[in-house]
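The opening position of the sequence shown corresponds to residue 81 in this note's numbering, with each subsequent residue numbered one higher.
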Amino acid sequence: MKEKITLIIAAAGSGERAKQKGNKIFAIVGGEPCIKKTFDAFYKLGLISEYIVAAKPEETENIKVLLPDFVKIVSGGKTRTESVKNALSVTTGDVVLIHDGARPFVTAETINNCIDSAKRFGSGVAAIPTRDTVVKSNADNAEYLGKSGLYLIQTPQVFKTEEIKRAYEKAGEKTFNDDGEVYLNCFGKVKLVAGDINNVKLTYPEDFERAAIKETRFGTGFDCHRLVENRKLILGGVVIPHDKGLLGHSDADVLTHAIMDAILSACALRDIGFWFPDSDEKYKGADSMKLLAEVLRIVGEKGFKPESISAVIMAEKPKLLKHIRAITESLAAALGISPDKVGISATTLEGLGFVGREEGICVHANAVVVKE
Ligand code: MG
């Protein structure tokens, strides 16, 4: 007979350490309220037939609107032990998973490991070996416990329902760290199974910052300027010695222009012709690096910033090899990113076309931008 599986989500904590507005289980993680993301991690597996959430009475309504109607909401207690006890009193499954509402990154593998273990051994508690040395310390002294054989406990913690209910009865009014300890107290053993390093419990503000999923966008830009005498050749803000320079309304820095267009394109914010029309006298002879700063301000207002840039300069002459480093550093400084995220290459066109005839220089640029 197939065992019926129940999930209990413990969501009645205060979450004060997270310093989020309201309970941390409502904080947005990867575009969704944390509690919804946690629920979905289990729901999408299709293994569970009963869902129970232990919630603070005053938050019940806010949780209900985020989760399907079939989820039972029970009143959480003052402690986690009490909350789980309340949830167990309405549990009807043969096997019960108990999970923290603020652990949204649990994987199917971890969940399955825990369930398999509970079916075979009665219990399955997700845990990971400590990577750091553990020390027990007080004001006067410290005792090194080391790393070997030491684990960090996570959830889910999965049990045969009948057994964990019996363990909670035996626990009485005593408070325990978690359900695994309640089980251990009753049966003298508890089985740890492989958890996952990313299965973190979102507890402190920095946990939420780390969990904030960035939106990545990709953009492309192209520009071309005519090479003429009596003009400076400027590429990426660097003056390159040459007998010709690029003609344009601004300083005609073709590389910076293509990069600006790539960044604007990534953000779907038009192009430099839109923001800095060449009909505007203001931009006559403009320093393109200043325009780049303005582009960063424009995209920054929408929450975007460049992450990396890649561009190829197509020029028959001059040879650009020895200038690439200076160009890269100049652009990196202007973009506010590390030079190892600015990839600039140069090529000739083997004498072909207008670039080959040294009539002009073209640049094709790509930009990756992120939105926080
Ligand atoms: Mg241009």
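The beta carbon of each residue, even a glycine, is placed where N, CA and C say it ideally should be.
Practice problem: For the segment 306–324 and the segment 388–400, state whether three or more C-beta atom pairs, one from each stretch, are separated by less than 8 Å. | Solution: Because the criterion of three Cβ pairs below 8 Å is met, the segment 306–324 and the segment 388–400 touch.
Quiz prompt | Ordered list of alpha helix (DSSP H) runs contained in the segment 369–445, each at least 4 residues | solution = 404–415 and 433–436
Quiz item: Between the segment 336–346 and the segment 439–448, are three or more C-beta pairs nearer than 8 Å?
Solution: Because the criterion of three Cβ pairs below 8 Å is met, the segment 336–346 and the segment 439–448 touch.
Exercise. Report all residues from its chain with a CB closer than 7 Å to the CB of L125; omit the five preceding and five following residues, and keep chain order.
Key: Reading the sequence shown from its first residue, position 45 is the one you call residue 125. If we look at L125 and ignore the five residues flanking it on each side, its Cβ neighbours are A188 and I191.
Quiz item: Which residues in the same chain have their Cβ closer than 8 Å to the Cβ of M369, if we skip the five residues on either side of it in sequence?
Solution: Translated into the one-based positions of the sequence shown, residue 369 becomes position 289. Correct list, in chain order: G317, D333, T336, S410 and A414.
Quiz item: With respect to 7 Å, is the separation between the Cβ of D331 and the closest non-hydrogen atom of ligand 1 below this value?
Solution: Position 251 of the sequence shown holds residue 331. The answer is no for D331.
Self-check item: Collapsed DSSP secondary structure at K240 in the structure displayed
Solution: For the purposes of this step, residue 240 is identified with residue 160 of the sequence shown, where counting begins at 1. Looking at K240 - three-state DSSP - the assignment turns out to be strand.
Quiz item: Helix or strand or just coil, what does DSSP make of F267?
Solution: To locate residue 267, count along the sequence shown from 1; it is residue 187. Looking at F267 - three-state DSSP - the assignment turns out to be helix.
Self-check item: Beta-ladder partner(s) of P113, from DSSP
Solution: In the sequence shown, counting from the first residue as 1, residue 113 sits at position 33. BP columns for P113 point to I108.
Practice problem: Name the two residues that bound the continuous alpha helix (DSSP H) containing R160. | Solution: Reading the sequence shown from its first residue, position 80 is the one you call residue 160. Start and end: R160 to L168.
Quiz item: Whole beta strand (DSSP E) runs in the segment 182–239 with 3 or more residues, listed along the chain?
Solution: Fully enclosed beta strand (DSSP E) runs of 3 or longer: 203–209, 214–217 and 222–226.
Quiz item: Thinking C-alpha only, which one of D259, S390, C114 and K312 is nearest D341?
Solution: As a first step, residue 341 is located in the sequence shown; it is residue number 261 there, counting from the start. Of D259, S390, C114 and K312, the residue nearest in Cα terms is S390.
Quiz item: For S155, does the three-state DSSP call read helix, strand or coil?
Solution: By one-based count along the sequence shown, residue 155 stands at place 75. Here S155 sits in strand by DSSP.
Exercise. Look at the Cβ atom of G299, then the Cβ atom of I233, and state whether they are nearer than 8 Å.
Key: The count along the sequence shown starts at 1 and reaches residue 299 at position 219. The count along the sequence shown starts at 1 and reaches residue 233 at position 153. Contact: no.
Practice problem: Give me the Cβ distance between L177 and I195, rounded to the nearest whole Å; I'm assuming they're in contact under 8 Å. | Solution: Here residue 177 refers to the residue found at position 97 of the sequence shown. Here residue 195 refers to the residue found at position 115 of the sequence shown. Rounded, the Cβ-Cβ distance is 7 Å, consistent with contact.
Self-check item: Heavy atoms of ligand 1 versus C-beta positions, residues under 5 Å
Solution: D303 and H337
Self-check item: Pairwise C-alpha distance: A447 and L372
Solution: Looking up residue 372 in the sequence shown gives position 292. Looking up residue 447 in the sequence shown gives position 367. Taking the straight line joining both Cα atoms gives about 13 Å.
Practice problem: Report the rounded CA-to-CA distance for G173 versus K116, giving the unit in angstroms. | Solution: Counting from one through the sequence shown, the residue named residue 173 turns up at place 93. Counting from one through the sequence shown, the residue named residue 116 turns up at place 36. Cα to Cα, G173 sits roughly 22 Å from K116.
Quiz item: Looking at L349 and I244, is the spacing between their C-beta atoms short of 8 Å?
Solution: Working through the sequence shown from its first residue, we reach residue 244 at position 164. Working through the sequence shown from its first residue, we reach residue 349 at position 269. No; because the gap between Cβ atoms is not below 8 Å, this pair is not in contact.
Practice problem: Have a look at the DSSP bridge pairing and note the partners of R306. | Solution: In the sequence shown, residue 306 corresponds to position 226, counting from 1. Its beta-bridge partners are G440.
Self-check item: C-alpha distance - G268 paired with T140, whole-angstrom precision
Solution: In the sequence shown, the residue the question calls residue 268 occupies position 188. In the sequence shown, the residue the question calls residue 140 occupies position 60. Near 36 Å, if we compare the C-alpha coordinates of T140 and G268.
Quiz prompt | I424 beta carbon less than 8 Å from that of I393 | solution = By 1-based counting over the sequence shown, the position of residue 393 is 313. By 1-based counting over the sequence shown, the position of residue 424 is 344. Closer than 8 Å, so yes.
Quiz item: What is the rounded straight-line gap between the Cα of G431 and the Cα of E438?
Solution: In the sequence shown, residue 431 corresponds to position 351, counting from 1. In the sequence shown, residue 438 corresponds to position 358, counting from 1. Their backbone Cα atoms lie some 8 Å apart in a straight line.
Quiz prompt | Three or more C-beta pairs below 8 Å linking the segment 153–162 and the segment 238–257 | solution = yes
Quiz item: Taking the Cβ atom as the reference point for each residue, do A134 and A90 lie within a distance shorter than 8 Å?
Solution: On the sequence shown, position 54 is the one that residue 134 refers to. On the sequence shown, position 10 is the one that residue 90 refers to. Yes, these two residues count as a Cβ contact at 8 Å.
Quiz prompt | CB of V205 within 8 Å of CB of K271, strictly | solution = The sequence position of residue 205 within the sequence shown is 125, counting from 1. The sequence position of residue 271 within the sequence shown is 191, counting from 1. Yes, the Cβ-Cβ distance between V205 and K271 is below 8 Å.
Quiz item: Alpha carbon to alpha carbon, what distance is there between V280 and T210?
Solution: Taking the first residue of the sequence shown as position 1, residue 210 is located at position 130. Taking the first residue of the sequence shown as position 1, residue 280 is located at position 200. Using only the alpha carbons, I get a separation of about 13 Å.
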